[in-house]
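Engineer: Residue numbering for the sequence shown is 126 to 212, as defined by this note's numbering.
Beta carbons are placed, not taken as given, at the ideal position from N, Cα and C, and that holds for glycine.
These numbers come from a predicted model, not from an experiment.
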Amino acid sequence: MTDAVTKKNINVRLPKHASPYIFALYMATIMAFLMSLVITYAEFGMGVNYMINVMNAYKVAMPAAFVCILVVRPMVVKLVGMTVHGH
């Protein structure tokens with residue numbers, strides 16, 4: 126990259142204390158979408174309205190997943206600490 130291109134890139138980073146929330150947001154976004162794809166396919170099959178049904182499921186799944194991850198994450202961190210040597 127040239128210096129001109131590098132200078133145009135804005136490097137925005139959030140403070141470290143936001144990490145659990147950003148982790149939960151990314152995890153919920155990805156997992157809720159994948160689960161919506163799988164569960165919609167299992168329930169209704171691959172039809173004309175497949176992606177419409179997926180997105181309708183995703184509207185419910187994503188916020189629920191975000192809240193669940195925020196609640197469950199501290200327990201998972203403790204379980205990993207008890208399970209993995211060196212934590």
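1. One question on the structure: do Thr165 and Met187 come within less than 8 Å of each other, judged by their Cβ atoms?
2. Could you give the DSSP three-state label for Leu139: helix, strand or coil?
3. Near Pro145, which residues of its chain fall below 8 Å by C-beta distance, leaving aside the five closest residues on each side in sequence?
4. Going by beta carbon distance, what residues of the same chain come within less than 7 Å of Asn178, once the five residues before and after it are set aside?
5. When you compare only the Cα positions, how much space is there between Ala182 and Ile147?
Structural biologist: Walking through what the data contain:
1. Taking the first residue of the sequence shown as 1, we reach residue 165 at position 40. Taking the first residue of the sequence shown as 1, we reach residue 187 at position 62. Judged by their CB atoms, Thr165 and Met187 are not nearer to each other than the 8 Å cut-off.
2. Reading the sequence shown from its first residue, position 14 is the one you call residue 139. Coil, per DSSP.
3. Counted from its first residue, the sequence shown places residue 145 at position 20. The answer, listed in chain order, is Leu195 and Arg198.
4. As a position in the sequence shown, residue 178 is number 53, starting the count at 1. Answer for Asn178: Thr165 and Phe169, listed in chain order.
5. Here residue 182 refers to the residue found at position 57 when the sequence shown is read from its first residue. Here residue 147 refers to the residue found at position 22 when the sequence shown is read from its first residue. Each residue's Cα considered, the two are about 22 Å apart.
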